[in-house]
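Everything below concerns the one structure shown next.
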């Protein structure tokens with residue numbers, strides 16, 4: 006029988022939530038200021054309301070002063086799960102008041118999609134959305150990609166931060182403390198913001214002919230979406246709006262930075278650089294990208310979807326790269342992507358399902374788990390083929406020589422199977438609504454692995470139940486299940502515990 010939570014448990018959780026709400030309130034000041042400078046007074050009022058709600062909730066949370074501010078594992082996991090449930094609801098207030106959504110559920114859907122770095126949207130008339138609201142959409146993705154908990158840890162250091170860090174699906178701590186690790190993550194983001202932001206601004210200004218202010222706005226929003234591997238874009242036609250290979254290359258730099266684990270960033274910055282390149286995870290993601298790219302290009306060539314080799318290679322490469330990094334940008338309309346079948350569909354779907362690196366801004370099963378799964382299968386085959394008394398050990402290189410233990414194998418297999426179950430859940434609900442299997446599976450994988458590519462299922466007219474299922478998938482997939490199960494266990498213990 007589970008032990009029922011006591012008042013001290015709620016004080017610890019409430020105090021931590023208060024800090025996180027204050028961080029969210031601070032983030033909301035950016036679009037609030039932007040709307041004031043742009044004289045967008047209707048969005049200004051909605052942002053003022055949102056910031057006020059975050060601030061009030063933060064102040065209330067800080068009143069629950071616990072006897073000890075130390076977070077144990079269960080407290081930290083519950084805080085993480087609650088954060089990713091409650092912050093999008095309040096963050097959706099400006100969206101709902103904008104008039105671009107049919108129902109409050111639609112507005113929350115886009116906020117959840119933003120914070121989980123998914124990129125699916127049910128917004129109407131995105132091309133005429135106020136710039137401050139567009140900025141908020143992309144800022145949500147940036148916060149979600151880095152981790153809103155990471156943002157809080159950067160400001161509020163304290164005991165128990167490690168449970169929050171790992172609860173947000175961060176699998177490694179490469180500096181002595183969680184706070185120093187969080188600050189390094191922000192340093193990486195700021196450096197790439199300067200480099201990629203300047204590059205995209207220059208391309209927008211001098212190549213695409215945008216006004217300087219417009220070029221800078223598109224550069225900032227596209228960097229936020231690219232580095233967070235989120236996939237939102239200022240225009241409804243995604244990155245295809247720019248019709249520029251140079252712009253796509255510059256934007257792809259932010260995608261590469263986002264899909265790389267922050268541990269790999271640290272290794273490449275501080276050295277030895279070769280060590281990061283021979284890691285199992287690095288070799289796995291390069292191999293799976295090459296495999297899915299060849300599969301997709303072969304499928305497109307077989308169907309004759311593109312008349313020229315250059316067009317086939319460019320479009321196929323970008324779609325697979327966007328899918329595998331879990332960014333979700335597209336250079337072609339969703340209606341055209343829906344027509345890809347056979348090997349091309351298989352290549353894109355596999356790339357989405359596998360996802361990027363662990364401890365990055367990417368989603369999906371993660372390359373390290375894929376590599377360990379392959380190692381585990383090969384190890385089992387060797388056990389069968391070798392004599393019964395032979396000792397079979399499996400080692401791999403990941404920031405040093407590691408040994409594949411039964412505990413690691415079990416953990417990898419469990420999470421991987423949970424992702425498969427999540428993919429099938431959304432596909433099953435889609436089939437129940439009469440959506441063809443290929444489209445239902447594609448959209449379900451996109452939601453669960455936080456991709457954002459769509460074949461037209463996600464739109465303002467989609468059934469409310471399917472919309473809620475996709476939100477559940479985005480939430481559980483982004484947190485990689487542990488925090489979700491911890492919250493469910495906490496609630497169950499509260500109701501039925503002793």
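Numbering (the numbering used here), first residue to last: 6 to 503.
The beta-carbon is built from N, C-alpha and C at its ideal position, and this holds for glycine as well.
Small disclaimer: the values here were computed from a predicted structure and weren't measured.
- Bridge pairing for residue 406: 402 [DSSP].
- Between the alpha carbons of residue 57 and residue 104 lies a distance of about 21 Å.
- In this structure, the alpha-carbon of residue 82 lies about 7 Å from that of residue 487.
- In the same chain as residue 347, and ignoring 5 residues on each side of it, the C-beta atoms closer than 8 Å to its own belong to 304, 307, 308, in chain order.
- Unbroken alpha helix (DSSP H) stretches of 4 residues or longer found wholly inside the stretch 412 to 438: none.
- Nearest to residue 16 by C-alpha distance, out of 144, 76, 31, is 76.
- Per DSSP, residue 385 is one residue of the alpha helix (DSSP H) stretching across 372 to 390.
- Burial check for residue 277: the Cβ neighbour count within 10 Å stays below 16, so the residue is exposed.
- Just measuring C-alpha positions, the residue of 85, 38, 321 sitting nearest residue 491 is 85.
- Within the stretch 50 to 119, the alpha helix (DSSP H) runs of at least 4 residues that lie entirely inside it are, in chain order, 78 to 96, 98 to 102.
- Take residue 9, set aside five residues on each side of it, and the residues of its chain with a beta-carbon closer than 7 Å to its own are 498, 499, 502, 503, in chain order.
- Per the C-alpha coordinates, the member of 90, 315, 111 positioned closest to residue 463 is 111.
- Note on residue 327: 16 or more other CB atoms within 10 angstroms of its CB, so buried under the neighbour-count rule.
- Residues of the same chain with a CB within less than 6 Å of the CB of residue 135, apart from the 5 flanking positions on each side, are 45, 48 in chain order.
- Nearest C-alpha to residue 69 among 23, 439, 31: 23.
- In this chain, residue 346 is not harboured by any alpha helix (DSSP H), its DSSP state being neither H nor E.
- In the three-state reduction of the DSSP assignment, residue 22 falls in the helix class.
- Annotated three-state conformation of residue 456 is coil, per DSSP.
- Looking at the backbone, the Cα of residue 220 and that of residue 203 are separated by about 10 Å.
- Note on geometry: alpha-carbon atoms of residue 187 and residue 439 lie some 45 Å from one another.
- Taking C-beta separations shorter than 7 Å and ignoring five residues to either side along the sequence, the partners of residue 54 in its chain run 98, following chain order.
- Here DSSP, grouped into helix, strand and coil, assigns residue 195 to helix.
- The C-beta distance from residue 461 to residue 339 rounds to 5 Å, short enough to fall under 8 Å.
- By the CB criterion at 8 Å, residue 361 and residue 234 fall inside the cutoff.
- In the three-state DSSP reduction, residue 260 falls in the helix class (H, G or I).
- Within its own chain, the residues whose Cβ lies closer than 6 Å to the Cβ of residue 101, once the five positions on either side in sequence are excluded, are 109, 112, listed in chain order.
- About 16 Å separates the Cβ atoms of residue 474 and residue 425, ruling out a contact at the 8 Å cut-off.
- Excluding sequence positions up to five before and after residue 321, its CB lies within less than 6 Å of the CB of 301, 302, 305, all in the same chain and listed in chain order.
- Comparing alpha-carbon positions, the option among 399, 419, 196, 382 lying closest to residue 370 turns out to be 419.
- Between residue 324 and the set 244, 398, 287, the nearest pair of CA atoms involves 244.
- Residue 245 carries a helical assignment under DSSP once its states are collapsed to helix, strand and coil.
- Ranked by Cα distance from residue 94, the options 119, 469, 409 are led by 119.
- The Cβ-Cβ distance between residue 458 and residue 445 does not fall below 8 Å.
- Taking C-alpha positions only, residue 364 is separated from residue 249 by approximately 31 Å.
- In the three-state reduction of the DSSP assignment, residue 139 falls in the helix class, which pools H, G and I.
- Going by DSSP, residue 441 is part of no alpha helix (DSSP H) at all; its letter is neither H nor E.
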